[in-house]
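Start counting the sequence shown at 1075; every next residue gets the next number (the numbering used here).
Note that beta-carbon positions come from the ideal geometry of N, C-alpha and C, so glycine has one too.
Taking it in order: structure first as structure tokens, then the write-up.
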Amino acid sequence: MSALLQVEGLVKRFGGVTAVDGVSFGLEAGAVLGLIGPNGSGKTTLLGMLAGTHEPTAGRVLLDGRPAHGRGAHRAVRTGIARTFQTTRLFPGWTLREGLRLARGEHRGRRGRLGDEEAAALLGLDGLLDRPCGSLTSAAQRLAMIALALATGPRVLLLDEPAVGMDDEEAGALAAAVRRVAAELRAAVIVVDHNMHFLMPLADTVTVLAAGAVLATGTPQQIRADEAVIASYLGEA
């Protein structure tokens, strides 16, 4: 099966600093890729290039074989790539339903677009649609951000540290929700997170970045056993 998302030789330089250095990988529809590495390894910069907020210095991003890079964040969303952020970005006085309708906006005809109740059910937010986002728990707010991203009908979903601040039960519920998104919507999902107890059981494959370059790629089991990964990252835990 050909990859839905193909990343080819992505490079990002900021002045004399190379933040991402020749990163390549492919991801099929319905698959979950875990992206890990030490702080400063280039993970968030890579997500920024995929999401259109950073233009690559070199390389390209293909979605269904068509270029999907260097067009800006708005164009990336219209192409079918949506993301969440490390920090919560919600209007606290708005209800989740109002936020979903705003996020849906011009994407109403997009394949895979979910209704309010469908999005809430998929992410375990039943009964919370008409509550102000500021009144939701921290864990529910992070799930709400994913719901807003899904309102655009993405084919690729980028999640930047979605499990920050969650306890084991909350992180488990999040992992189940992400897996439902991948399986039921056939979305390709990339998850950046430092919580290995959350990420390793969730991911189909894991890519490890170090100093902006790919150190290793494999199944979670292969990554856990990789001596270079243990030395550079997992050994820190």
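Alpha carbon of residue i to alpha carbon of residue j, nearest angstrom
i	j	result
ALA1093	LEU1109	15 Å
LEU1232	THR1127	13 Å
THR1291	VAL1085	18 Å
ARG1229	ALA1262	6 Å
LEU1196	ARG1171	14 Å
GLY1286	SER1098	12 Å
ALA1311	ARG1298	Because the pLDDT of ALA1311 is 45, which lies under 50, any placement of that residue in the model is unreliable, and the number read from its coordinates should be weighed accordingly. Using only the alpha carbons, I get a separation of about 12 Å.
MET1270	ALA1245	11 Å
SER1209	ARG1163	14 Å
ASP1300	PRO1275	17 Å
LEU1188	ALA1223	11 Å
ILE1304	ASP1242	23 Å
Bounding residues of the beta strand (DSSP E) (the contiguous stretch that carries residue i)
i	result
ASP1234	1230-1234
GLN1160	Element bounds for GLN1160: n/a, residue is neither H nor E.
ALA1277	First-last for ALA1277: undefined, no H or E at that position.
ALA1262	1262-1266
Where the alpha helix (DSSP H) containing residue i begins and where it ends
i	result
GLU1243	1242-1259
GLU1191	1190-1196
ALA1142	Per DSSP, ALA1142 belongs to no alpha helix (DSSP H) and is neither H nor E.
THR1127	Note, THR1127: premise wrong, no alpha helix (DSSP H); not H, not E.
LEU1222	1212-1224
LEU1170	1170-1178
ALA1299	1294-1299
Same chain, Cβ closer than 7 Å to residue i, neighbours up to 5 away in sequence not counted
i	result
ASP1234	THR1118, LEU1121, ARG1157, THR1158, PHE1159, GLN1160, VAL1266
Distance CB(residue i)-CB(residue j) smaller than 8 Å
i	j	result
GLY1083	ALA1132	yes
LEU1289	VAL1282	yes
PRO1112	SER1306	yes
ALA1251	LEU1203	no
ALA1221	LEU1174	yes
GLN1080	GLY1100	yes
LEU1078	LEU1137	yes
ARG1134	PRO1141	yes
ASP1200	ALA1194	yes
SER1115	ALA1284	yes
Residues near residue i in its chain [Cβ-Cβ closer than 6 Å; skip 5 each side]
i	result
ARG1260	ALA1103, GLY1104
ALA1225	LEU1174, ALA1177, ARG1178
GLY1146	GLY1126
VAL1255	ALA1261
Residue i - DSSP class collapsed to helix/strand/coil
i	result
PHE1272	helix
THR1153	helix
LEU1308	helix
GLU1082	strand
GLY1089	coil
GLY1286	coil
GLY1208	helix
LEU1109	strand
VAL1303	helix
LEU1121	helix
Chain-order list of residues whose beta-carbon lies under 8 Å from that of residue i (same chain, five-residue window excluded)
i	result
LEU1248	ALA1213, ARG1216, LEU1217, PRO1236, ALA1237, MET1240, PHE1272
ALA1277	VAL1106, LEU1107, GLY1108, VAL1265, PRO1294
THR1169	LEU1203, ASP1204, ARG1205, PRO1206, CYS1207
GLY1183	Here the model assigns GLY1183 a pLDDT of 49, short of 50, so the residue's position is not dependable, and the following value carries that caveat. None.
heavy atom of the ligand FAD below 7 Å from residue i C-beta
i	result
GLY1227	For the ligand FAD, the structure offers nothing, since it holds no ligand at all.
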